[in-house]
Structure formats: structure tokens, C-alpha cells
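**Q** Quick note: the sequence shown, position 15, residue 14 per this note's numbering, numbers continuous.
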Amino acid sequence: AAFFGAVAPGNPVVDSFEAELRDVLGFLRRLGGAGEAKPQQHDLHRRGANTLFNIWIKYKPRLPEWYYNEKLLKVGDSLTQIKEYKLALLQCYGRYLQQFISVNPDDIIGDVHRFKSTFFPNGFRDKNAAHTFHALQERNVCIYQMVCSSDRNLQNQESLRTCFNVLSSLRLTMQVALPQENLCWLIYNGTIHIYTICRHLMMRGQSAKVLEYLLWASTCMESSIPLLSVHYLTWRATLYTAVSQCYFDCQAGIHGEIFARRGLIKIDELKQLENISFPLDNSETKKIFREATLKMSVMIFKRAVYESRRKPKSCFRPKLRVSLKEAQNVS
0 AAFFGAVAPG NPVVDSFEAE LRDVLGFLRR LGGAGEAKPQ QHDLHRRGAN
50 TLFNIWIKYK PRLPEWYYNE KLLKVGDSLT QIKEYKLALL QCYGRYLQQF
100 ISVNPDDIIG DVHRFKSTFF PNGFRDKNAA HTFHALQERN VCIYQMVCSS
150 DRNLQNQESL RTCFNVLSSL RLTMQVALPQ ENLCWLIYNG TIHIYTICRH
200 LMMRGQSAKV LEYLLWASTC MESSIPLLSV HYLTWRATLY TAVSQCYFDC
250 QAGIHGEIFA RRGLIKIDEL KQLENISFPL DNSETKKIFR EATLKMSVMI
300 FKRAVYESRR KPKSCFRPKL RVSLKEAQNV S
């Protein structure tokens, strides 16, 4: 491609590459919208997958590495949007990560130092670091979605193991990225992925095992300065609520209430900071604080109801009068 000048539109190699990618993505998109899969569609899908494979092989030696790698990620993102998770994993994110390691990335989940030296040999300020973080995170999302496709209710033990491996991998990626303020987008997306998987597992009776991951997601939101803004408060409150619910599921209502009260304190701290910097005369900001406070108050109120129902009927039980309004004032 360099022979024809800058790697940009107008370069015949680049134009040909882009056109072939557009064609195969359009073909797969139309195929995905055709409804229920039939034997003929399986053949067409295989043809599309083979075409994409051949495009990568054909153009790798003809394009600069930085451009080629960027396209791997962009095409992977396009494939996940049309729910082609297996193709995105194998043909895009997995192919991108092959430049660092020839073994399964899951084999180094437990070794943070090896993880750093393997995927970030040039440190986190390297221009490609953000791309690598993105590939690692999206790889995990694809693996989870593939599990859901084959075992939606997670009835197979192997499916459960895979989900917990994905959670551990997401946590490790976020742990390494957390000190880098410019990667706050990855932390935010990571909390969403962790929450999604954990809620699914909670419905399968796995609350005790997912609690640590939800706590981690909440801690990440509190540890990233850009994510402490009011803009992300609604999401932070959602994570707090999930943690409290986990405690309730584990028959540990007192801890659920304690965590909800802690959430109220954190919300109030942010509210005071906002009052100092920007007086709360914005109706939208007031609404965000009100809704976040209400979420925590509901969990505190839930504890009062939950505990009253657990007491034996034979014991004396005074009538509880705990209102949501009172619960909001506990902080």
C-alpha cells in the first residue's frame, strides 16, 4: 500500500481492502436478518466466514501493521453489533491478540505480572495499549455471548465455569487499566459487562460467587476520578443495588443494608461536592440524585421488611413503621 502513497482513501490497495470488507460485512448482515437458520444459510454463512478469513490473509502483507490491526478491531466491533460473536472472536479479536501470544490468554489470568509483560511489553503509554485493552475486553464479551447462545439458562457446569473465567479475565484487565485515567472508558464498559454476567448468574442461584465481582465493579467506579461525576451516578447506584441484592440472596440482609447505607453516604458526599462547585439548580442533576438516593433507600427499606418476615411467628413482633422517606434520611 505504501507504494501508492499515504494509507488513506484513494490508495488503490486501501480502497480494495475497504470494499471487500464492506461486501462481506453486508453479506453477513443480510444473512443474519434472514430469520431462522436453515441448512442453506449455514453454507452461506460458512462462505462468508471463509471470505473474511481470506481477506485477512490476502491483505496482511500489503498493509501497514497499525492500519491492519485497527481494522481487525473495527470489523470485530461491527460483527458483535450483528451478533456474529464467534466470527468476531476468532477472526478479529483473537487474530489481533495472536501478535502477543500463541497460547490461550485464559492461561495467564492468575498472573498479573505475566499478563502485563505479555500484552503490554512497551508499557501502557504505548499508542497500541488502548487497542489491546479493547481486544481483551471484547474477547471476553464474545466468549460469554457464545455461552449464552448454546446454553441460555447456564444449566451446564462447563458454561458456569466459562462465565466465571470471563469475570476473572474482565477483572484482571480492569485491574491493570485502572491506574490509567485515560482508560476510564474501558473501566466503565467493564463494569457493564460484569454487571450483565453477574445478574445472569444471580438468576441461576450463583449470588454468593458473583458478589466479589460486583463489589469490584463498584470499587472501580469509585476509584476512577472521571467516573465519579454526576453523569455516572445512576449507573453507580445500580451497581450498589446489585451488591445489596446479592447479600439479600445470600441470607445476609444486615450486610445488604450496611452496603446500601454506605451507598447513601457516597451519594451524599458527591452531592455536597457538587453544591460547592455547581449549586444544584439544574433539574436534571436534582433528578439524578433523587433517583440514586431512592434506589439505596429501597434496599434499606427492604431489609426492614425482609428481617420482619424472617422472625418466627411465635415471638413478639412489634409493628414496623419504616417509610421510604425515613430511610432516605438515614445518612
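Heads up, the beta-carbon is just placed ideally off N, CA and C, and yes, glycines get one too. Bear in mind that the values here come from a model prediction, so they are computed numbers and not experimental data.
Which two residues bound the contiguous alpha helix (DSSP H) that contains K126?
**A** K126 -> no alpha helix (DSSP H), and no H or E assigned at all.
**Q** Does the beta-carbon of G109 have 16 or more other beta-carbons within 10 angstroms, so that it is buried, or is it exposed?
**A** Exposed: under 16 other Cβ atoms inside 10 Å.
**Q** For P104, which three-state DSSP category applies?
**A** In the structure shown, P104 sits in a helix (DSSP, three-state: H, G or I).
**Q** Using DSSP with H/G/I as helix, E/B as strand and the rest coil, what is A18?
**A** Note: A18 maps to helix in three-state DSSP.
**Q** In chain order, what residues of the same chain have a beta carbon less than 7 angstroms from the beta carbon of Y212, not counting five sequence neighbours either side?
**A** The answer, listed in chain order, is L166, R170, I193 and C197.
**Q** Between the Cα of S77 and the Cα atoms of E137, S116, Q97 and R113, which residue gives the shortest distance?
**A** The shortest Cα separation from S77 among E137, S116, Q97 and R113 belongs to E137.
**Q** Please list, in chain order, all residues of the same chain as T79 whose beta carbon is under 6 angstroms from its beta carbon, the five residues on each side excluded.
**A** Excluding positions up to five away in sequence, the list reads A87.
**Q** Any contact between the segment 175 to 195 and the segment 117 to 132? By contact I mean 3 or more CB pairs, one from each, below 8 angstroms.
**A** The segment 175 to 195 is in contact with the segment 117 to 132.
**Q** Starting from M202, follow the alpha helix (DSSP H) in both directions and report where the run begins and ends.
**A** Run containing M202: none; DSSP gives neither H nor E here.
**Q** With a cut-off of 8 angstroms on the beta carbons, I'd call L185 and L227 a contact; round off their distance for me.
**A** That belief does not hold up - the Cβ atoms of L185 and L227 are roughly 16 angstroms apart, past 8 angstroms.
**Q** Give the straight-line distance between the Cα atoms of H112 and H130, rounded to the nearest whole angstrom.
**A** Taking the straight line joining both Cα atoms gives about 19 angstroms.
**Q** Okay, do the segment 94 to 107 and the segment 36 to 49 touch, 3+ Cβ pairs below 8 angstroms being the bar?
**A** Counting Cβ pairs under 8 angstroms, fewer than three are found: no touch.
**Q** Run the CB neighbour count on I275, radius 10 Å, all protein chains shown included, and call it buried at 16 or more, exposed below.
**A** I275 should be labelled exposed.
**Q** Look at the alpha carbon of T237 and the alpha carbon of Q271, and state the distance between them as a whole number of angstroms.
**A** When rounded, the distance between both Cα atoms is 20 angstroms.
**Q** Around the C-beta of C314, are 16 or more other C-beta atoms found within 10 angstroms, so that it is buried, or is it exposed?
**A** Annotation note: pLDDT 39 at C314 (below 50); position unreliable, coordinate value reported separately. Burial call: exposed.
**Q** Along the alpha helix (DSSP H) that carries L153, what are the first and last residues, could you check?
**A** Premise fails: L153 is in no alpha helix (DSSP H) and is neither H nor E.
**Q** Is it buried or exposed for F118, if we count other Cβ within 10 angstroms and need 16 for buried?
**A** So F118 ends up on the buried side.
**Q** Alpha carbon to alpha carbon, how far is C183 from P225?
**A** Rounded to whole angstroms, C183 to P225 spans 7 angstroms at the Cα level.
**Q** Three or more C-beta pairs closer than 8 angstroms, one from the segment 278 to 290 and one from the segment 240 to 254: is that the case here?
**A** Touching, no, given that fewer than three Cβ pairs across the two stretches are closer than 8 angstroms.
**Q** In angstroms with no decimal places, state the Cα-to-Cα distance between T172 and F114.
**A** Answer to the nearest angstrom: the Cα atoms are 9 angstroms apart.
**Q** Contact between the segment 64 to 76 and the segment 88 to 98 is defined here as three or more beta-carbon pairs at a separation below 8 angstroms; is this criterion met?
**A** They touch, by the three-pair rule.
**Q** What whole-angstrom Cβ distance do I56 and V23 have, given they're in contact under 8 angstroms?
**A** Not really, about 13 angstroms apart at Cβ, beyond 8 angstroms.
**Q** Run through DSSP, which three-state label would S228 get?
**A** DSSP places S228 in coil when its eight states are reduced to three.
**Q** Suppose the cutoff is 7 angstroms on Cβ atoms and the five residues either side in sequence are ignored; what does the same chain contact list for T336 look like?
**A** No answer is possible for residue 336: the residues shown for the chain start at 0 and end at 330.
**Q** Check whether the Cβ atoms of L232 and I287 sit closer than 7 angstroms, and answer yes or no.
**A** Yes.
**Q** Taking only three categories from DSSP, how would you classify Q136?
**A** The answer is helix: DSSP assigns Q136 an H, G or I state.
**Q** To the nearest angstrom, how far is it from the Cα of K70 to the Cα of L20?
**A** If you take the alpha carbons of K70 and L20, they lie about 9 angstroms apart.
**Q** P38 lies in the alpha helix (DSSP H); which residues open and close that run?
**A** Run containing P38: P38 to Y58, per the alpha helix (DSSP H) assignment.
**Q** Hey, would you say G75 sits closer than 7 angstroms to Y92, going by beta carbons?
**A** Yes, they are a contact pair.
**Q** Going by DSSP in three states, N10 sits in which element: helix, strand or coil?
**A** Reduced to three states, the DSSP call for N10 is coil.
**Q** Straight-line CA distance for G9 to A18?
**A** Approximately 12 angstroms between the Cα atoms of the pair.
**Q** In whole angstroms, what separates the C-alpha of L89 from that of A134?
**A** So the two alpha carbons sit approximately 12 angstroms from each other.
**Q** Quick check on DSSP: helix, strand or coil for K73?
**A** Of the three classes helix, strand and coil, the one that applies to K73 here is helix, per DSSP.
**Q** Should N139 go down as buried or exposed, given a rule of 16 or more other Cβ atoms within 10 Å for buried?
**A** With 16 or more Cβ atoms within 10 Å of its Cβ, N139 is classed as buried.
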